[in-house]
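So the sequence shown is numbered by the numbering used here: it starts at 25 and just counts up by one.
For every residue, glycine included, the Cβ atom is placed at its ideal position computed from N, Cα and C.
None of the values given here were measured: they were computed from a predicted structure.
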Amino acid sequence: MKIILDNLEPNLVENLRYQAEQHGRTLETELKLILTQAVTKNLQENFQEQTLIPLEILAAQVKESLDNTGYNSHEQIIDLIQDVKREMAEEHLLKAQHDNEL
25 MKIILDNLEP NLVENLRYQA EQHGRTLETE LKLILTQAVT KNLQENFQEQ
75 TLIPLEILAA QVKESLDNTG YNSHEQIIDL IQDVKREMAE EHLLKAQHDN
125 EL
């Protein structure tokens, strides 16, 4: 993907070039790192602001959801988990095969 930024202050560009040079990176690599760090920091801050649900409430919500969808016995829940794990393994295998074809 290509991103073009026009009308940047020349001083900003020079400072970015200098910073990249000090870190032993190209300007492109330095900009990618800066953007990645900014986005990651923003995601972490948003995650930290979220209030966690108490475990008892979460457990009750999961149980209610399972009951409402017909998974109300231990055996049915184990079957569901095994089905999900099987699907995940199949998806992982398909992705690996696809990656090998490229």
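- Inter-residue distance for LEU117 and ASN70 is about 33 Å (C-alpha atoms, whole angstroms).
- In this structure ALA44 is in contact with GLU54, their Cβ atoms being roughly 4 Å apart against a cut-off of 8 Å.
- Secondary structure note for MET112: its alpha helix (DSSP H) is the uninterrupted segment 98 to 125.
- When secondary structure is reduced to three states using DSSP, ASP30 falls in the coil class, being assigned neither helix nor strand.
- As summarised for the region 72 to 101, the continuous alpha helix (DSSP H) elements at least 4 residues long and confined to that stretch are 79 to 92, given in chain order.
- The three-state reading of DSSP puts THR50 in coil, since its state is none of H, G, I, E or B.
- Between the alpha carbons of ALA113 and LEU104 lies a gap of roughly 14 Å.
- Annotation: GLU125 to LYS26 spans about 26 Å, alpha carbon to alpha carbon.
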